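Enquirer: If you scroll down you'll find the structure; I have some questions about it.
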Amino acid sequence: MKSLHLVPAPGPSGRLQDLMKTGLSAVFCGLNPGLQAAATGYHFAGHGNRFWQAIYLAGFTDHEIKPADCHRLLSYGYGLATAVSRPTASASELSHAEYVAASQQFALKLGYFGPAYVAFLGKAAYAAMAHQRIVNWGPQSQSIGGSKVWVLPNPSGRNRGFSLANLVDAYSEFRRTVESESADEDFLAAFGKQRQRELNGR
C-alpha cells in the first residue's frame, strides 16, 4: 500500500509531513503549517485551532483526536496535507505565487494516492491553484489530480467569520456527501461482482 506516514519534525525549522495513504475518502488540505504545527510535527496543533473539534462534532471521528495523535485519522479513511509547505505565523504571509508554484506537485501527490476528495480548508489555495478569482464554498467543478474538490471554511481561531457551529454545519454537509458517495460505490461494486458471478455460472 502506498503510504506517507507522519514523521515528527521537532524544532521551529521542522517541516510538517503529509499524512496520506491510498484508498482514502478525503484529504483535508490546510493552507500551510503554522509555527506550532511545524515545531511539533503535529497537524493543526496551534492554540485555538478548531479543526479536531470540528471534525469530531461533524461526525468524521468518534472522539476528539489530539494533535499528537493526528496519524489516527488515517484509520477513519481521511488524510491530512498542506498546500504550501513553508511554515508561517499566519497564512496571510503566503503569496498567491507560492500557491501557484505548489500546485503541480500537489496535483501529482493527489494523483499518486488517489483520494476521492480533497477538502481545502479556506479558499486561497484552491483559488490560486485553479486560477479562479471567485470561489464558492462547497463542491467545485474542477478536480485536482483526479480528486474531486470541496472547499470548507478554515478552522483557525483567527477566522472569526465562522463560529464553531458554522464550521460543524459546513463540515457535516461534506461528510454526508462523502459517505453517500462511498455507499453508492460499495453498492455498485457489490452489484458488479454479483452480476459477474451470475454470468460465470451460465
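Using the working numbering, the first residue of the sequence shown is number 155, and each one after it goes up by one.
For every residue, glycine included, the Cβ atom is placed at its ideal position computed from N, Cα and C.
In this text, all values refer to a predicted model and were calculated from it rather than measured experimentally.
#1: Does the segment 243 to 262 come close enough to the segment 215 to 224 to have 3 or more Cβ pairs within less than 8 angstroms?
#2: Strictly by DSSP, which residues pair up with P293?
#3: Using 8 angstroms as the cut-off, can you tell me whether the segment 226 to 234 makes contact with the segment 180 to 200, which would need three or more C-beta pairs spanning the two stretches below that distance?
#4: To the nearest angstrom, report how far apart L321 and P309 are at their CA atoms.
#5: Checking 8 angstroms against the spacing of the C-beta atoms, do G292 and L185 come in under that value?
#6: Measuring alpha carbon to alpha carbon, tell me which residue in V254, F316, G315 and F198 is nearest Q286.
#7: Considering Cα atoms alone, identify which of P241, G213 and M174 is closest to A199.
#8: To the nearest angstrom, report how far apart L318 and G202 are at their CA atoms.
#9: Would DSSP call T236 helix, strand or coil?
#10: Compute the distance between the beta-carbons of Y280 and V303, then report whether it is under 8 angstroms.
Expert: Once the coordinates are examined:
#1: no
#2: On the sequence shown, position 139 is the one that residue 293 refers to. W304, per the DSSP bridge assignment.
#3: yes
#4: The sequence position of residue 321 within the sequence shown is 167, counting from 1. The sequence position of residue 309 within the sequence shown is 155, counting from 1. Their Cα atoms are separated by approximately 7 angstroms.
#5: Here residue 292 refers to the residue found at position 138 when the sequence shown is read from its first residue. Here residue 185 refers to the residue found at position 31 when the sequence shown is read from its first residue. No, Cβ-Cβ distance for G292 and L185 is not below 8 angstroms.
#6: As a working mapping, residue 286 is identified with position 132 in the sequence shown. The shortest C-alpha separation from Q286 is found at V254.
#7: For the purposes of this step, residue 199 is taken as the residue at position 45 of the sequence shown. Taking only the C-alpha atoms, the option nearest A199 is P241.
#8: Working through the sequence shown from its first residue, we reach residue 318 at position 164. Working through the sequence shown from its first residue, we reach residue 202 at position 48. Going from the Cα of L318 to the Cα of G202 covers about 11 angstroms.
#9: Taking the first residue of the sequence shown as position 1, residue 236 is located at position 82. Here T236 sits in strand by DSSP.
#10: The residue labelled residue 280 in the question sits at position 126 within the sequence shown. The residue labelled residue 303 in the question sits at position 149 within the sequence shown. The answer is yes: Cβ separation under 8 angstroms.
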